[in-house]
Amino acid sequence: MARAPLTLFCSALGLMLAAGALADQPQGSTDDTGSETAHVPPDPPHHEMGDMTYPRMASMMQMDDRARTGMALLDQLEWRHTAEGNAAVWDAEGWYGGDNNKVWFRSEGERIAGATQNARADVLWDHTVARWWSVQAGARQDFGAGPGRTWAAIGVQGLAPYWFNTEATFYVGEQGRTAMRLKAEYELLFSQRLVLQPEGEANLYGKSDPARQLGSGLSDLEIGLRLRYEVRREFAPYIGVVWARQFGSTADHVRESGGNPSEVQFAAGLRAWF
Amino acid sequence: MNRSRFSSGSFNRSRRHFVQGLAGSALAVAGARHFGWAAADAGAVLSGTEFDLEIGALPVNLTGQAGIATTVNGRLPAPLLRWREGDVITLRVSNRLSTPTSIHWHGMIVPADMDGVPGLSFDGIGPGETYVYRFKVNQSGTYWYHSHSRFQEQTGLYGPIVIEPRDGERHRADREHVLLLSEWTDLDPEHIYRTLKRQSNYFNFHQRTVGDFLNDVRTQGLKPTLADRRRWGQMRMDPTDLADVSGYAYTYLLNGTTPARNWTGLFRRGEKVRLRIINGSSMTFFDIRIPGLKLTVVAADGQDVEPVTVDEFRIGLAEVYDVIVEPKEDRAYTIFAQSLDRSGYARGTLAPQLGMQAEVPSLDSRPLLTMMDMGMGHDMSHMPGMSAAPHHAPADFGPNVDMLAAQPQSRLDDPGVGLRNNGRRVLTYADLHTLGGPIDHRPAGRDVELHLTGHMERFVWSFNGQKFSEAEPLRFNYGERLRLVLVNDSMMNHPIHLHGMWGEIESEKGEFLVRKHTITVQPGQRLAYGVTADALGRWAYHCHLLYHMEAGMFREVRVERKDGAAS
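Sequence lines, in order, name chains A and B.
Its first residue numbered 177, the first sequence is counted upward by one per residue in this note's numbering.
Its first residue numbered 418, the second sequence is counted upward by one per residue in this note's numbering.
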């Protein structure tokens with residue numbers, strides 16, 4: 177009779193030992209509730225942050241995805257050997273703003289024998305409208321030889337399939353003048369620093385402007401090939417060859433002044449940005 | 418708009434002194450430095466329950482060029498903090514910078530006001546101020562801490578945390594070393610960020626060239642090569658785009674030590690050595706291996722897992738893996754951690770004595786992204802056991818999203834670009850099984866699907882096409898179990914970190930796999946994980962690529978009681 181409590185005691189002891197052994201088992205994979213019991217949720221915060229405006233939050237976090245950035249790119253600053261003599265040619269642009277709204281500045285022109293020619297500057301508002309495209313609107317001022325012209329501008333720019341950078345801008349000026357500028361460029365890498373940049377630009381005018389020696393229709397086309405070496409990404413000297421062609425009465429004006437409306441020019445220059 | 422907070426004038430000059438050993442001659446300091454976090458280096462390891470951490474800026478010279486680091490107690494990396502599970506700890510963090518700062522305890526489950534995110538947890542720590550963090554440590558394992566303010570993490574404010582389990586380590590080792598991976602740059606991080614906004618491929622010096630085209634024509638034929646170029650050209654995507662910031666800007670560090678300086682950890686032959694490996698970098702995924710040694714992974718993100726033995730693993734930013742190695746020979750072994758884009762590596766040595774070294778492997782050849790990485794569902798023959806999840810909402814996320822993954826896949830058993838079929842056994846998420854099961858067995862009450870989106874050219878990053886500034890907070894009901902479904906609609910890996918709550922990754926069948934605080938979602942991948950919203954308050958949810966976070970890949974998560982009150 178006395179054996180029953182002893183057996184009970186022994187079995188209880190055995191169970192306890194077994195339980196102990198189980199608890200000691202390093203493998204917890206058989207027991208998939210271990211994490212549930214071990215996990216301790218955090219207490220609620222003693223001090224709770226209130227709502228605040230985005231600018232205040234951004235300033236507190238020192239993290240602002242609306243922050244504005246800017247860039248200035250001197251895409252071409254080059255000396256060209258032309259029939260009229262050596263020319264200094266520039267093509268620059270810059271922007272400042274957020275991811276989807278920017279102020280965009282563009283300028284190009286040339287200086288031959290100390291005189292500025294065919295120069296222009298655009299100031300545009302650039303607004304992203306699609307994955308690869310933005311619309312631009314603003315104004316353009318032409319300067320250099322002849323009377324200055326002012327235009328209102330509207331256009332698109334973006335990255336076309338196959339990595340073509342493209343720009344198309346339509347202009348409306350005084351006295352019913354209209355104009356269009358088309359530009360495309362591409363980059364071909366020979367090495368990580370040696371880059372060939374084909375580029376094409378065309379200008380069209382709605383009506384002729386003899387004072388600036390421009391004919392109506394397709395006025396000029398320029399196709400360039402520039403091979404640059406990026407000493408740094410931001411600093412790249414280059415050499416290039418440019419085929420410059422004038423058409424229609426623009427070409428006539430060139431002929432009249434003793435020039436050649438179709439000319440191959442050699443260029444050397446610098447591309448830089450910051 | 419230039420908030421350059423890291424100009425050389427931004428540190429307190431009265432505290433200006435040199436970080437010894439980082440800039441000194443290699444010989445003079447080799448002994449001290451090689452110990453890394455060994456106890457011999459007083460101040461490198463802090464333990465107990467009371468901590469005084471002083472954040473400052475100090476001149477350093479890791480590369481031959483002087484720079485300014487953000488340090489804790491004058492150390493780069495910050496001191497190793499040793500805690501014990503169950504202790505209540507107090508950390509007094511003082512700011513000796515001229516700009517605000519903060520410390521986030523990465524992976525620690527702490528009350529929202531102790532989490533260290535300015536704007537969500539607290540106001541941040543202003544110059545000259547001290548913030549007292551106090552919380553009970555209810556977990557164990559390897560974690561880390563870092564600044565959550567601007568680019569201070571990039572300039573050095575990161576350090577390891579090791580928490581001793583109350584009941585002793587499950588996987589006993591004879592010795593342990595912390596391996597903290599990071600980067601150093603001589604560039605101002607503000608400049609890096611601006612540069613990425615101006616020309617996002619600036620740091621990629623492995624773009625495809627005319628020569629590559631000719632090579633491909635020779636090896637693959639003209640037609641397939643043209644077809645390949647056409648596909649990428651139509652998308653306007655670059656298959657070499659593996660990292661936004663590369664070895665061009667970075668020197669990769671192991672325990673704050675450059676590859677040339679070769680951090681060394683000691684062992685005795687036959688010992689079991691536990692390596693606590695933390696990716697504390699700002700922009701780099703590392704592929705890590707130790708030629709000659711098998712790596713037995715025993716914990717992921719501080720959580721013990723069923724041991725799994727591999728040759729190599731990829732460690733995403735902010736991820737943590739504990740591995741055990743058993744060197745059987747009396748020789749040196751190289752710890753080799755190459756960046757995902759193969760533009761550089763961090764390196765160290767395990768050796769029986771100081772001064773020994775082993776051969777350093779050459780970098781693997783640089784991979785190209787595939788159509789599978791673009792979520793196009795091709796190339797599936799490479800990866801058995803994958804099924805397409807035809808689950809893409811025909812979404813329009815707006816102009817700042819440059820691609821959508823048409824056929825995102827689960828691919829939990831995919832080691833990722835550059836590691837597929839490399840002849841080595843590489844860890845995947847499918848190999849990880851956290852011991853003890855999930856923290857919550859309830860099925861998820863709802864799914865919250867978020868797409869990881871971005872625009873490479875503009876360097877804009879977002880969830881569902883919305884930057885932080887454009888998005889409402891995600892609202893979780895206090896106490897609910899929900900499933901977060903992430904679909905990576907970009908061509909980059911994103912390590913996504915939810916503050917305050919664990920993420921429990923599910924297999925394709927919905928079974929529990931592994932509990933993590935930071936979850937890497939591969940390009941074109943769809944990944945689901947359970948979350949229990951048991952942490953009241955406001956929390957950060959973001960990509961841990963620092964410049965992606967700054968560019969908008971950040972959300973607030975609010976855990977609220979149903980009546981709307983936060984507590």
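Positions of the beta carbon are idealized from the N, C-alpha and C atoms, including for glycine.
Closest option to residue 785 (chain B), judged by alpha-carbon separation, among B:645, B:561, B:875 and B:684: B:645. For residue 308 (chain A), no beta strand (DSSP E) segment is defined, and its DSSP state is neither H nor E. The three-state secondary structure of residue 616 (chain B), taken from DSSP, is coil. Nearest Cα to residue 793 (chain B) within the set B:868, B:502, B:942 and B:613: B:942.
Under the 8 Å Cβ criterion, the region 623–631 of chain B does not count as touching the region 722–729 of chain B, having fewer than three qualifying pairs. The residue among B:592, B:501 and B:657 with its C-alpha nearest the C-alpha of residue 584 (chain B) is B:501. Closest in alpha carbon position to residue 875 (chain B), among B:822, B:968 and B:582, is B:968. Shown here, residue 872 (chain B) sits in a strand according to DSSP, grouped into three states. In the DSSP secondary-structure assignment, residue 820 (chain B) is not bridged to any residue.
Non-local C-beta neighbours of residue 399 (chain A) in its own chain, meaning closer than 6 Å and more than five positions away in sequence, comprise 376 and 419, ordered along the chain. With a contact defined as Cβ atoms closer than 8 Å, residue 329 (chain A) and residue 300 (chain A) qualify at about 6 Å. Inter-residue distance for residue 704 (chain B) and residue 691 (chain B) is about 18 Å (C-alpha atoms, whole angstroms).
Counting along the chain, the unbroken beta strand (DSSP E) around residue 755 (chain B) starts and ends at 750–756. Boundaries of the beta strand (DSSP E) around residue 563 (chain B): 558–563.
Residue 396 (chain A) is bridged by DSSP to A:379 and A:422. Against chain B, the CB of residue 331 (chain A) has no partner CB under 8 Å away; the residue lies outside that interface. Judged by DSSP in its simplified three-state form, residue 529 (chain B) adopts helix. Under the DSSP assignment, residue 720 (chain B) falls in the beta strand (DSSP E) whose first and last residues are 720–727. Residue contact with chain B for residue 446 (chain A): absent (no Cβ-Cβ distance below 8 Å to any residue of chain B). The beta carbon of residue 961 (chain B) is closer than 7 Å to those of 734, 735, 912, 914 and 935 in its chain, skipping five residues each way along the sequence. DSSP places residue 234 (chain A) inside the alpha helix (DSSP H), whose first and last residues are 230–237. Close CB contacts of residue 283 (chain A) within its chain, under the 8 Å cut and outside five residues either way in sequence, are with 266, 267, 268, 269, 295, 296, 297 and 298 (chain order). Residue-level contact check: residue 422 (chain A) does not touch chain B, since none of the beta carbons of chain B fall below 8 Å from its beta carbon. The way I'd put it, the region 546–557 of chain B does touch the region 495–509 of chain B; three or more beta-carbon pairs between them come closer than 8 Å. Any Cβ of chain B closer than 8 Å to the Cβ of residue 368 (chain A) would place that residue at the interface, and such an atom is present. Per DSSP, the unbroken alpha helix (DSSP H) holding residue 632 (chain B) starts and ends at 627–637. The alpha-carbon separation between residue 522 (chain B) and residue 627 (chain B) amounts to approximately 48 Å.
When the Cα atoms are used, residue 896 (chain B) and residue 958 (chain B) turn out to be separated by approximately 18 Å. In this structure, DSSP gives residue 362 (chain A) a state outside helix and strand, which the three-state scheme calls coil.
Under the three-pair Cβ rule at 8 Å, the region 836–844 of chain B does not count as touching the region 879–892 of chain B. In the three-state reduction of the DSSP assignment, residue 640 (chain B) falls in the helix class, which pools H, G and I. Between the beta-carbon of residue 564 (chain B) and that of residue 602 (chain B) there is about 16 Å, and that puts the pair past the 8 Å contact cut.
For residue 225 (chain A), the closest Cβ of chain B is nearer than 8 Å.
Note on residue 921 (chain B): 16 or more other CB atoms within 10 angstroms of its CB, so buried under the neighbour-count rule. In its chain, beyond the 5 residues on either side, 387 have a beta carbon closer than 6 Å to the beta carbon of residue 323 (chain A).
In the DSSP assignment, the residues bridged to residue 333 (chain A) are A:310 and A:343.
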